[in-house]
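Numbering-wise, the sequence shown is residues 1 to 279 according to my numbering.
C-beta atoms are modelled at their ideal positions from N, C-alpha and C, and glycine is treated no differently.
Okay, so here's the structure we're looking at.
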Amino acid sequence: MRIANVAGRAKLLVDGGAVDIERASSGRFGPDPQDAYGRLDELGSWARTIGSADESWDPAAAGPPVPTPRQVFAIALNYIDHAAEAGIQTPLEPLVFPKYMSSLSGPISEVVLPEGSVDWEVELVVVIGTTTRHAPARSAWQHVAGLTVGQDISERQLQRSGPVPQFGLAKSFPGFSPTGPAVVTLDELDARDDLALGCEVNGEEVQKASTADMIFSVSELIAYISKVLTLLPGDLIFTGTPPGVGMGRVPPQFLQAGDRLHSWIEGLGELDQTFVGPT
Ligand code: ZN
Numbered sequence: 001m002r003i004a005n006v007a008g009r010a011k012l013l014v015d016g017g018a019v020d021i022e023r024a025s026s027g028r029f030g031p032d033p034q035d036a037y038g039r040l041d042e043l044g045s046w047a048r049t050i051g052s053a054d055e056s057w058d059p060a061a062a063g064p065p066v067p068t069p070r071q072v073f074a075i076a077l078n079y080i081d082h083a084a085e086a087g088i089q090t091p092l093e094p095l096v097f098p099k100y101m102s103s104l105s106g107p108i109s110e111v112v113l114p115e116g117s118v119d120w121e122v123e124l125v126v127v128i129g130t131t132t133r134h135a136p137a138r139s140a141w142q143h144v145a146g147l148t149v150g151q152d153i154s155e156r157q158l159q160r161s162g163p164v165p166q167f168g169l170a171k172s173f174p175g176f177s178p179t180g181p182a183v184v185t186l187d188e189l190d191a192r193d194d195l196a197l198g199c200e201v202n203g204e205e206v207q208k209a210s211t212a213d214m215i216f217s218v219s220e221l222i223a224y225i226s227k228v229l230t231l232l233p234g235d236l237i238f239t240g241t242p243p244g245v246g247m248g249r250v251p252p253q254f255l256q257a258g259d260r261l262h263s264w265i266e267g268l269g270e271l272d273q274t275f276v277g278p279t
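Below, the structure written as structure tokens:
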């Protein structure tokens, strides 16, 4: 299944179009996309009975497919060559920080640049499907509802202003967490641990890698986080970015008004952000 959010309503994407989940199920499932991720098995059985699309699908009109997660985690330095370009030792355990929910946006958006040095980070985003505590890594994928594309847009001056990194705030300006275009369930993917991903700035490829290059795999991240706290249906995990961010370039390159950022993950879809100056 591919589940999207249009105007706050959950849509099932089929054959290039969409079906409104609440209307087509006569209210068996509610309209809020956030509620879909805890009922995926039920939703999947129902979805097999659905015929063709009865609405058009325009990603430009889509909101974040997971609009109000209770917890949003992100992982710093989860690809070896990105740790190297950041000038930081490869972590021995996952480095976990929050991104705040108000920074979420849909897949196609305009981002207002704050003061500072704004950078790109394409990332695989995991959507949790069940209440999860102490998940062993070997079975951790059972707790995943699906995957989507994310950008962990980052303002580097605030991030690096103190004695330790200020990740949470620096990565949570409005629009700094675009996601989408849809949450893709695992049955749609042949190689869930080996997905090509990348991004381009104004058409120039700046990041390209595979999620197989992660230091800590999706399973290991879920095991690690759920050892400490309870993961909840609809929570998000931004799983870290591969090498090629702007601060690692010589000279460093940051996003400017007018820039276009295109991000993609194999099998999941694309994001498009344009950047505008402060108003
Ligand atoms: Zn990141």
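Quiz item: My guess is that F254 and G246 are in contact by the Cβ rule of under 8 Å, so how many angstroms apart are they, rounded?
Solution: 5 Å
Self-check item: Simplified DSSP state of A212, which is helix, strand or coil
Solution: helix
Exercise. Identify, in the order they occur along the chain, each residue of the same chain with its Cβ nearer than 8 Å to the Cβ of E110, setting aside the five sequence neighbours on each side.
Key: G175, Q273, T274, F275, V276
Quiz item: Taking the alpha carbon of T179 as the point to measure from, which residue in D81, L271, V144, G129 has its own alpha carbon closest?
Solution: L271
Quiz item: CA-CA distance, E200 and G150?
Solution: 14 Å
Quiz prompt | Proximity test, F254 beta-carbon vs the ligand ZN heavy atom, cut-off 7 Å | solution = no
Self-check item: Status (buried if at least 16 other CB within 10 Å, exposed otherwise) for K227
Solution: exposed
Quiz item: To the nearest angstrom, how far is it from the Cα of D41 to the Cα of D187?
Solution: 12 Å
Quiz prompt | Test item, CB below 6 Å from any non-hydrogen atom of the ligand ZN | solution = A74, E121, E123, D152, F238, G240, T241
Self-check item: Status (buried if at least 16 other CB within 10 Å, exposed otherwise) for E155
Solution: buried
Quiz item: Rounded to a whole number of angstroms, what is the C-alpha to C-alpha distance between E14 and Q157?
Solution: According to the sequence provided, residue 14 is Val. The question's Glu does not apply to it. The straight-line gap from Cα to Cα measures roughly 43 Å.
Quiz item: At what residue ranges does the stretch 124–174 contain a whole run of the beta strand (DSSP E), taking only runs of 3 or more?
Solution: 144–151
Quiz item: Based on the DSSP output, what are the partners of T274 in its beta bridges?
Solution: E110, R260
Quiz item: Which residues in the same chain as T230 place their Cβ atom closer than 6 Å to its Cβ, once the five residues preceding and following it in sequence are excluded?
Solution: R133
Quiz item: According to DSSP, what are the bridge partners of K227?
Solution: Paired residues: none, contrary to the question.
Quiz prompt | Reduced DSSP secondary structure (H/G/I, E/B, other) of E85 | solution = helix
Quiz item: Hey, out of L124, P165, T68, I80, whose CA is closest to L195's CA?
Solution: L124
Self-check item: Start-to-end residues for the beta strand (DSSP E) that takes in A182
Solution: 177–184
Quiz item: Relative to the alpha-carbon of V127, which residue among A18, G248, G30, V218 has its alpha-carbon at the smallest distance?
Solution: V218
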